[in-house]
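To start, the structure under review is shown below, and the notes come after it.
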Amino acid sequence: MTIFAGYMAVVAFSCIFVSYIRILRFYMRFTFFRHIYLIPLCLAAFVTIHGCFFVREKPQAESAVLTLSPIPEISMSDELARTPEGDMIALLPDNWRLIDVEGKASSDVFAVAVNPDYTLAAIFSRLRTVDRNDSLLARDGALTLARLGMARRERKTAGMARQTGKVSSITVGTRNFGSYQFTPDGVLQTQVAVFTSSLGQHYEFALTPVVATGKPLPDTDDIQRTFRSILATIQF
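Going by the working numbering, the first residue of the sequence shown is number 1121, and it counts up by one from there.
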């Protein structure tokens, strides 16, 4: 119920309450001692009902608004990650390569690329389960898509994935993204950007460290530059 509707309901109830008190006072002239106890009961009922009118929505996590340059910060190759429909493409950094994950990853994943040391992976996937929230997306756009994406990840990992930091709205040129960061183990940090293509499809780009090789991981600044550079080349 909106605040306005709640206010109107309070006004209506107040009018009824005043009328009731007037009738009660008239009646109490004849039966005062038997009915005086009704007044505190009426006041208690008013306070209870008044409190029910103002139902507050669950507060959203804090968000940030960022504007990034559309020019990559690192050298990019001509290698493309793209959707089968062709409604989203992204350039990969120099010397990165696409790997075949068919049958080895979720059907929502359509492209995975890794750096030469296999210590950093860019994962591109489709967000299918947020379609039922189109009314929310129409209201808050990229920020809501980011929140829905994180909630989806929490469900899929049984709560092991935990958001770190704020949800962000990122503008790169004329393109808008939602973004968040999460950790699967309390140590490694994965950067995520979400967006909606011109065909109305929802997509996710995640940049995540890979520890399987045992090699040293890129430092945080390098990971951030790589994330921003790939993001700058995403077209949809």
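Every residue gets a Cβ at the ideal spot worked out from N, C-alpha and C, and that includes glycine.
All values derive from a computational prediction rather than experimental measurement.
In the structure shown, what three-state DSSP assignment does residue i receive?
| i | result |
| --- | --- |
| THR1294 | coil |
| ILE1194 | coil |
| PHE1347 | helix |
| LEU1265 | helix |
| ALA1271 | helix |
| LEU1337 | coil |
| ALA1313 | strand |
| LYS1286 | strand |
| ALA1352 | helix |
My guess is that residue i and residue j are in contact by the Cβ rule of under 8 angstroms, so how many angstroms apart are they, rounded?
| i | j | result |
| --- | --- | --- |
| LEU1240 | ALA1231 | Their Cβ separation, rounded to whole angstroms, is 15 angstroms, which puts LEU1240 and ALA1231 out of contact at 8 angstroms. |
| THR1340 | THR1328 | So it is not a contact: roughly 13 angstroms between Cβ atoms. |
| ALA1225 | ALA1201 | That belief does not hold up - the Cβ atoms of ALA1225 and ALA1201 are roughly 14 angstroms apart, past 8 angstroms. |
| TYR1238 | VAL1330 | 6 angstroms |
| ILE1290 | ALA1313 | 7 angstroms |
| SER1349 | MET1196 | 6 angstroms |
Any idea if residue i is buried or exposed, counting beta-carbon neighbours within 10 angstroms, 16 or more meaning buried?
| i | result |
| --- | --- |
| ASN1215 | exposed |
| MET1280 | exposed |
| ALA1332 | exposed |
| THR1203 | buried |
| ILE1095 | Only positions 1121 to 1356 of the chain appear in the structure, and residue 1095 is not among them; the question remains open. |
| ILE1169 | Reliability of the predicted coordinates at ILE1169 is poor, the pLDDT of 27 falling under 50, and the value obtained from them is presented with this limitation in mind. The residue is exposed, with fewer than 16 neighbouring Cβ atoms inside 10 Å. |
| ALA1326 | buried |
| VAL1221 | exposed |
| SER1227 | exposed |
| ARG1248 | exposed |
| ARG1275 | exposed |
Is the CB-CB distance between residue i and residue j below 8 angstroms?
| i | j | result |
| --- | --- | --- |
| GLU1324 | GLY1269 | yes |
| PRO1192 | THR1316 | no |
| SER1183 | LEU1265 | no |
| ARG1246 | GLN1321 | yes |
| LEU1351 | LEU1186 | no |
| PRO1304 | THR1346 | no |
| VAL1292 | ARG1267 | no |
Checking contacts by CB at 8 angstroms: is residue i closer than that to chain B?
| i | result |
| --- | --- |
| GLN1321 | Here chain B cannot be found, since the structure has a single protein chain. |
The segment 1206–1215 / the segment 1290–1304 touching (three or more Cβ pairs under 8 angstroms): In the pairwise beta carbon analysis, the segment 1206–1215 is classified as not touching the segment 1290–1304: fewer than three pairs are separated by under 8 angstroms.
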